[in-house]
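Trainee:
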Amino acid sequence: MSQRILPHLASPLVRSLRKNTLQNQCLKFHRSTLRSNKQKSTTDSIPPGSIPKNAKLDPITIHRLRSAQRAYYKRRMVYCTIGVLFGMAGLYLTAIQAPLLPPESSNITSSSPISVNRLDSGRSDDEPIMVIGKKKNVVTQKPGDKFEDHDDFVPTGNSVVTQFPTVLSISHTASSDPDLTEYQLLGLGIRTVSFLKIQVYVVGIYIASDDVAALQKSFIKRVNPLASTLVASERDDLFTKLHDPNISEDLWDAVLKDDNCRMLIRIVPTRNTDFGHLRDAWVRTMTLRSQREGWQDETFGKSVADFKKVFARGSVPKGKEILLTRGKKGNLEVWCSGDKDREKLGELHDERVSRAIWMGYLAGKSVACEGVREGVIASLLKFVERPIGAGIGLFE
Numbered sequence: 001m002s003q004r005i006l007p008h009l010a011s012p013l014v015r016s017l018r019k020n021t022l023q024n025q026c027l028k029f030h031r032s033t034l035r036s037n038k039q040k041s042t043t044d045s046i047p048p049g050s051i052p053k054n055a056k057l058d059p060i061t062i063h064r065l066r067s068a069q070r071a072y073y074k075r076r077m078v079y080c081t082i083g084v085l086f087g088m089a090g091l092y093l094t095a096i097q098a099p100l101l102p103p104e105s106s107n108i109t110s111s112s113p114i115s116v117n118r119l120d121s122g123r124s125d126d127e128p129i130m131v132i133g134k135k136k137n138v139v140t141q142k143p144g145d146k147f148e149d150h151d152d153f154v155p156t157g158n159s160v161v162t163q164f165p166t167v168l169s170i171s172h173t174a175s176s177d178p179d180l181t182e183y184q185l186l187g188l189g190i191r192t193v194s195f196l197k198i199q200v201y202v203v204g205i206y207i208a209s210d211d212v213a214a215l216q217k218s219f220i221k222r223v224n225p226l227a228s229t230l231v232a233s234e235r236d237d238l239f240t241k242l243h244d245p246n247i248s249e250d251l252w253d254a255v256l257k258d259d260n261c262r263m264l265i266r267i268v269p270t271r272n273t274d275f276g277h278l279r280d281a282w283v284r285t286m287t288l289r290s291q292r293e294g295w296q297d298e299t300f301g302k303s304v305a306d307f308k309k310v311f312a313r314g315s316v317p318k319g320k321e322i323l324l325t326r327g328k329k330g331n332l333e334v335w336c337s338g339d340k341d342r343e344k345l346g347e348l349h350d351e352r353v354s355r356a357i358w359m360g361y362l363a364g365k366s367v368a369c370e371g372v373r374e375g376v377i378a379s380l381l382k383f384v385e386r387p388i389g390a391g392i393g394l395f396e
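Read in UniProt numbering, the sequence shown has 69 at position 69, and its numbers run on one by one without any break.
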């Protein structure tokens, strides 16, 4: 059988057909190869990061593109938010630092610093008056007022509360004190909060003029018990001790506890606030003190609670005066300027309450107002360089 088929395969006709078939197969293979190479070269010519319009993306690529788009818009939103916040902070700082317009000058001029209620004056009869200054002048004090007797006042550096009295006379600060007690300014500063240094209130610490000699003697004897005045090296030693976080704590704690010096803290807010904000700062100071030995009894806890009740009140407008007085026995009295006269808000007899408040401004690593502490230290150094009893008249 196979011998019969082989002669037919070897015939000229069969060989011609086989030749044409092989040529067609070669042409088909060549065309398919060219087509695939053309598609490959077209794909290679696409620049990286671009996608042809007719290309079909797989789900993974689509997910990545959407994630990149979301990340882009998220970064853009974050940058815009940061820009808005910094812009608002800049506007706020510019607004609070801008100086206020000077008060309009009155048509009435007087050579005397004493305010007289004339018939054509703009002051009403119900405005509060106070005895203030070295000359015991009766004046009307308002935020931003400027007085002719500049020796009785010192600039504060604030545009709302521009000046503070160097001598302040208070009536009936305590039942055991005389009717009129004169206080002399020791240090002055501005209380600021947060990293933006927002000014909250101007604060000054005063001491009764009759007790300056006792305070002077107290610091001199604690540096040199045999001296009546301190030389330069001893004053430098006192300066170092008053700035030391630990030594200043012990020094002021002993002075306030043992020495019967009447002192006063005068606070005038530079912006509208409330009694709660002022109270909370002082309560935090007392809470830190309560962790020490001698401050952990129930009596002190009750005194702190009573202190909170004294300040359980409403708002405090800017320019309103608040006084904290410390008597000879350490009793604390809280006064606030009213419509016509000062109003007594309350009194606490636990001397640790007033001691904690005073030490919050004067001693420790961080104080409530650094300007007050530096001013008090400067006044003390002037006191101790004079003989005991000759420390009155810092601002004369």
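Beta carbons are placed, not taken as given, at the ideal position from N, Cα and C, and that holds for glycine.
Excluding five sequence neighbours on each side, which residues of the same chain lie with their C-beta closer than 7 Å to the C-beta of G375?
Mentor: The residue you call residue 375 lines up with position 375 of the sequence shown. Excluding sequence neighbours, G375 sits near L186, G187, L188, G189.
Trainee: Does DSSP put T181 in a helix, a strand or coil?
Mentor: Against the sequence shown, residue 181 aligns to sequence position 181. DSSP places T181 in strand when its eight states are reduced to three.
Trainee: Name the DSSP bridge partner or partners of G338?
Mentor: Counting from 1 along the sequence shown, the entry for residue 338 is found at position 338. In the DSSP output, where bridge partners are listed per residue, G338 has none listed.
Trainee: Taking all protein chains shown into account, do 16 or more other C-beta atoms lie within 10 angstroms of the C-beta of S41, making it buried, or fewer, making it exposed?
Mentor: For the purposes of this step, residue 41 is identified with residue 41 of the sequence shown, where counting begins at 1. With a pLDDT of 49 at S41, under the threshold of 50, the modelled position of this residue cannot be trusted; read the value that follows with caution. It counts as exposed.
Trainee: Determine, using beta carbons only, whether M286 and A356 come nearer to each other than 7 Å.
Mentor: Within the sequence shown, the letter at position 286 stands for residue 286. Within the sequence shown, the letter at position 356 stands for residue 356. Result yes, Cβ atoms of M286 and A356 sit closer than 7 Å.
Trainee: Inspect the beta-carbon positions of R235 and L381 and report whether they are closer than 7 Å.
Mentor: Stepping through the sequence shown from its first residue, residue 235 is reached at position 235. Stepping through the sequence shown from its first residue, residue 381 is reached at position 381. Contact flag set, yes.
Trainee: On the three-state DSSP scale, how would you describe A312?
Mentor: For the purposes of this step, residue 312 is identified with residue 312 of the sequence shown, where counting begins at 1. Of the three classes helix, strand and coil, the one that applies to A312 here is coil, per DSSP.
Trainee: Can you give the Cα-Cα distance for S303 and R284, rounded to whole angstroms?
Mentor: In the sequence shown, the residue the question calls residue 303 occupies position 303. In the sequence shown, the residue the question calls residue 284 occupies position 284. Their backbone Cα atoms lie some 14 Å apart in a straight line.
Trainee: Thinking C-beta only, is E347 closer than 7 Å to G330?
Mentor: For the purposes of this step, residue 330 is identified with residue 330 of the sequence shown, where counting begins at 1. For the purposes of this step, residue 347 is identified with residue 347 of the sequence shown, where counting begins at 1. For G330 and E347, no; Cβs fall outside 7 Å.
Trainee: Straight-line CA distance for Y201 to H277?
Mentor: Locating residue 201 in the sequence shown gives position 201, counting from the first residue. Locating residue 277 in the sequence shown gives position 277, counting from the first residue. Their backbone Cα atoms lie some 11 Å apart in a straight line.
Trainee: Could you tell me if V84 is buried or exposed, where buried requires 16 or more neighbouring beta carbons within 10 angstroms of its beta carbon?
Mentor: Working through the sequence shown from its first residue, we reach residue 84 at position 84. Counting Cβ neighbours within 10 Å, V84 comes out exposed, since fewer than 16 surround it.
Trainee: May I ask you to report which of helix, strand or coil DSSP gives S218?
Mentor: As a first step, residue 218 is located in the sequence shown; it is residue number 218 there, counting from the start. Three-state result, S218: helix.
Trainee: Any idea which residues DSSP pairs Y201 with across the strands?
Mentor: Taking the first residue of the sequence shown as position 1, residue 201 is located at position 201. Answer is R191, P269.
Trainee: By the 10 Å Cβ neighbour count, where 16 or more other Cβ atoms means buried, how is T61 classified, buried or exposed?
Mentor: By 1-based counting over the sequence shown, the position of residue 61 is 61. By the 10 Å Cβ count, T61 comes out exposed.
Trainee: Taking 7 Å as the threshold (C-beta atoms), are V310 and V334 in contact?
Mentor: As a position in the sequence shown, residue 334 is number 334, starting the count at 1. As a position in the sequence shown, residue 310 is number 310, starting the count at 1. Taking 7 Å as the Cβ cut-off, V334 and V310 qualify as a contacting pair.
Trainee: According to DSSP, which residues form a beta bridge with E333?
Mentor: For the purposes of this step, residue 333 is taken as the residue at position 333 of the sequence shown. In the DSSP output, where bridge partners are listed per residue, E333 has T325, E347.
Trainee: Do V161 and T270 have their C-beta atoms within less than 7 Å of each other?
Mentor: To locate residue 161, count along the sequence shown from 1; it is residue 161. To locate residue 270, count along the sequence shown from 1; it is residue 270. Going by C-beta atoms, V161 is nearer than 7 Å to T270.
Trainee: Is it true that the CB of I377 sits closer than 7 Å to the CB of P242?
Mentor: Residue numbering aside, residue 242 sits at position 242 when the sequence shown is read from its first letter. Residue numbering aside, residue 377 sits at position 377 when the sequence shown is read from its first letter. Sequence check: residue 242 is Leu here, not Pro. A contact, by the Cβ cut-off of 7 Å.
Trainee: In the structure shown, what three-state DSSP assignment does Q163 receive?
Mentor: Stepping through the sequence shown from its first residue, residue 163 is reached at position 163. Note: Q163 maps to strand in three-state DSSP.
Trainee: For L362, which three-state DSSP category applies?
Mentor: Here residue 362 corresponds to residue number 362 of the sequence shown, with the count starting at 1. The answer is helix: DSSP assigns L362 an H, G or I state.
Trainee: Taking 8 Å as the threshold, find out whether the segment 215 to 233 comes into contact with the segment 244 to 264 through three or more Cβ pairs.
Mentor: Counting Cβ pairs under 8 Å, three or more are found: they touch.
Trainee: Within 6 Å: the Cβ of L362 and any heavy atom of the ligand PLP?
Mentor: As far as ligands go, the structure on display features none, and thus does not contain the ligand PLP.
Trainee: Smallest Cα separation from V223: which of A208, I247, D211?
Mentor: Residue numbering aside, residue 223 sits at position 223 when the sequence shown is read from its first letter. When each option's Cα is compared against that of V223, the closest is I247.
Trainee: With burial defined as no fewer than 16 other Cβ atoms inside 10 Å of the residue's Cβ, what is the status of E321: buried or exposed?
Mentor: Your numbering for residue 321 matches position 321 in the sequence shown. Burial call: buried.
Trainee: Can you tell me where the alpha helix (DSSP H) holding P59 begins and where it ends?
Mentor: For the purposes of this step, residue 59 is taken as residue 59 along the sequence shown, with counting starting at 1. Per DSSP, P59 belongs to the alpha helix (DSSP H) from 59 to 97.
Trainee: Identify the continuous beta strand (DSSP E) that holds V154 and give its terminal residues.
Mentor: Taking the first residue of the sequence shown as 1, we reach residue 154 at position 154. It spans 153 to 155 - the beta strand (DSSP E) in which V154 sits, taken as one unbroken run.
Trainee: What's the gap between the Cα of V268 and the Cα of S366?
Mentor: Here residue 268 is taken as the residue at index 268 of the sequence shown, counted from 1. Here residue 366 is taken as the residue at index 366 of the sequence shown, counted from 1. Roughly 22 Å separates the two Cα atoms.
Trainee: Do C261 and D211 have their CB atoms nearer than 7 Å?
Mentor: For the purposes of this step, residue 261 is taken as the residue at position 261 of the sequence shown. For the purposes of this step, residue 211 is taken as the residue at position 211 of the sequence shown. Their beta carbons are under 7 Å apart, which means C261 touches D211 by this criterion.
Trainee: Under 7 Å, do S354 and R313 count as touching if we go by C-beta distance?
Mentor: Taking the sequence shown and counting its residues from 1, the one referred to as residue 354 is at position 354. Taking the sequence shown and counting its residues from 1, the one referred to as residue 313 is at position 313. Cβ distance not < 7 Å, so S354 and R313 don't count as in contact.
Trainee: Are I274 and S315 closer than 7 Å when you measure CB to CB?
Mentor: Position 274 of the sequence shown, counted from the start, is the residue given in the question as residue 274. Position 315 of the sequence shown, counted from the start, is the residue given in the question as residue 315. Rather than Ile, the amino acid found at residue 274 in this sequence is Asp. Their beta carbons are under 7 Å apart, which means D274 touches S315 by this criterion.
Trainee: How big is the Cα-Cα spacing for T192 and Q199?
Mentor: Mapped onto the sequence shown, residue 192 falls at position 192. Mapped onto the sequence shown, residue 199 falls at position 199. Distance between the alpha carbons of T192 and Q199: 4 Å.
Trainee: Can you tell me which residues form a DSSP beta bridge with M263?
Mentor: Stepping through the sequence shown from its first residue, residue 263 is reached at position 263. M263 is bridged to I207, R326.
Trainee: Below 7 Å CB to CB, which residues in the same chain sit around K136 once its five sequence neighbours on both sides are set aside?
Mentor: Taking the first residue of the sequence shown as 1, we reach residue 136 at position 136. Interpretation of K136 is limited by its pLDDT of 44, a score under 50 that renders its predicted location unreliable; no figure is taken from the coordinates.
Trainee: Let me confirm a value: F195 is counted as buried when at least 16 other C-beta atoms fall within 10 Å, else exposed. Which label applies?
Mentor: On the sequence shown, residue 195 is found 195 positions in, with the first residue counted as 1. It counts as exposed.
Trainee: Have a look at K308 and A368 and give me their C-alpha separation to the nearest angstrom.
Mentor: Here residue 308 refers to the residue found at position 308 of the sequence shown. Here residue 368 refers to the residue found at position 368 of the sequence shown. Taking the straight line joining both Cα atoms gives about 19 Å.
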